[in-house]
Amino acid sequence: DASDIEKGTYPHYMLKEIDEQPAVIRKIIQTYRNEQGELTIDREIIDAVNEADRIYIIAAGTSYHAGLVGKQFMEKMAKIPVEVHISSEFGYNLPLLSKKPLFIFISQSGETADSRSVLVKVKELGYPALTITNVPGSTLSREADFTLLLHAGPEIAVASTKAYTAQIAVLAVLAEVTAKSNGIDIGFDLSHELGLVANAMDVLCDSKELIEIISREFLSTTRNCFFIGRGLDYYVCLEGALKLKEISYIQAEGFAGGELKHGTIALIEDGTPVVALATQEKVNLSIRGNVKEVVARGANPCIISMQGLNMDEDSFVLPEVHELLTPLISVVPLQLLAYYASLHRGCDVDKPRNLAKSVTVE
Ligand code: G6P
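Quick note: the sequence shown, position 211, residue 449 per full-length UniProt numbering, numbers continuous.
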């Protein structure tokens, strides 16, 4: 049928969508660039961002995880304070809002009911809203004042992959263009750096055989798995753990390296897999310290290091990209680890049990 044709030679949509990520990043650079080669976004959107004294990002699931990274971009590049909220919580537990809030809804489908009900409330209160979505004309797009599109193409697999990286890339563009509009020099050329990210993603997509071996070694029989990281790596750990849970049914948790000792380290036993991300120079030694702590308790570590920060012989090494953009590439091996774990355990990769691609009930 038609859906088989769309999948082409791929055994699963998820694998196809992982592989599409470099092209999606290139498409985003191309779409958001003007004739002078500068990144650009509709003036009215940038004005709305600049009029706000605080941004509230509202999202669910993987889109929430992209929002956590987006907060760092908006604060570090554009110097605008940002809060990130889970839509189902925000709906009935409104925080004290700033005087001039702008709401940004992040949603692959644009149909998530929990997010939509927040948008309805926001509009009742008369606040401006921007939706970042993959689906033009979706409910969240129609009901918001402004829309930015992901240009990721249809995402079919329930576990979101290319939409996550597209969301992060579009949030980076939004942060850069906002910064520029305020005369802030972010200190690097974002479209050039995103091009390098796309190239690095190509390299990672070509490392499938190695990642399949690692996945077989670490995840084929385990009942749980931990992901640890600090700073941006922590947010990616949340996403890596979610991917693994969703499609392989392995109990997985993403943790901030420093929080381990406050409870979770009690769960480490002989052979417990711990995936550690090390892409941030500032916290490189601290995360290495956390790896030592878990190894001392019997953990089986899988270290994923940025080139240049690598300190172990058997680390999986990520090609170097700008340190703010590492989530775009460190997530790729985590997506592939989850994919192969699901495959090896005989799970339904594209249609995991109990889950829906788009949850249209609250
Ligand atoms: C569902 C999907 C997740 C997704 C979440 C939010 O739970 O299974 O993959 O992250 O909804 O979806 P959205 O379309 O709003 O990004």
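The beta-carbon is built from N, C-alpha and C at its ideal position, and this holds for glycine as well.
Quantities reported herein were computed from a predicted structural model and do not represent experimental measurements.
Close Cβ partners of residue i (< 8 Å) along its chain, the five nearest in sequence each way excluded
i, result
"N522", "A516, L547 and M549"
"P590", "V396, A397, E484, I485, Y487 and S580"
Closest residue to residue i among the options (Cα-Cα distance)
i, options, result
"P249", "R591, D440, Y577 and G495", "Y577"
"L575", "P590, H430, E447 and L434", "E447"
"P339", "A290, T377 and S429", "A290"
"E531", "Q545, V512 and Q259", "V512"
"T460", "M312, R583 and L562", "R583"
"I254", "I267, A367 and K400", "Looking at the sequence itself, residue 254 is Lys, so the reference to Ile does not match. Considering only alpha carbons, the answer is K400."
"L277", "L505, L409 and P565", "L409"
"G391", "I266, K317 and L498", "I266"
"S445", "I256, V307 and Y251", "I256"
"K481", "K314, G299 and K359", "G299"
"K361", "D383, S376, D352 and A316", "D383"
"L442", "L572, D588, R380 and S353", "L572"
"G433", "T247, E258 and Q268", "Q268"
"L368", "D280, P333 and A407", "D280"
"E313", "I506, T598, L412 and L334", "L412"
Short Cβ contact (9 Å threshold) for residue i with residue j
i, j, result
"A438", "E558", "yes"
"A490", "G509", "no"
"A404", "F464", "no"
"G492", "Y472", "yes"
"L357", "T371", "no"
Cutoff 7 Å; reference residue i; Cβ partners in own chain excluding five residues on either side
i, result
"S419", "I284 and N288"
"S596", "S347, E349 and T350"
"I452", "C540, F554 and L575"
"V435", "I263, V559, L563, L566 and I567"
DSSP beta-bridge partners of residue i
i, result
"A410", "A410 pairs with nothing; no bridge assigned."
"G492", "F465"
"N528", "In DSSP, N528 forms no bridge with anything."
"H323", "I296"
"I370", "I344 and L386"
"I567", "BP columns for I567 are empty, so no partner."
"S543", "A516 and V555"
"P511", "N538"
Distance cut-off 8 Å: residue i Cβ against heavy atoms of the ligand G6P
i, result
"A297", "yes"
"T510", "no"
"S353", "yes"
"T300", "yes"
"S326", "no"
"T350", "yes"
"V597", "yes"
"Q268", "no"
"L593", "yes"
"Q346", "yes"
Contacting residues, own chain, Cβ-Cβ under 6 Å from residue i (five flanking each side not counted)
i, result
"Y302", "I324"
"E321", "Y294"
Cβ of residue i within 9 Å of any chain C Cβ
i, result
"A297", "Protein chain content of the structure displayed is limited to a single chain, and chain C is not contained in it."
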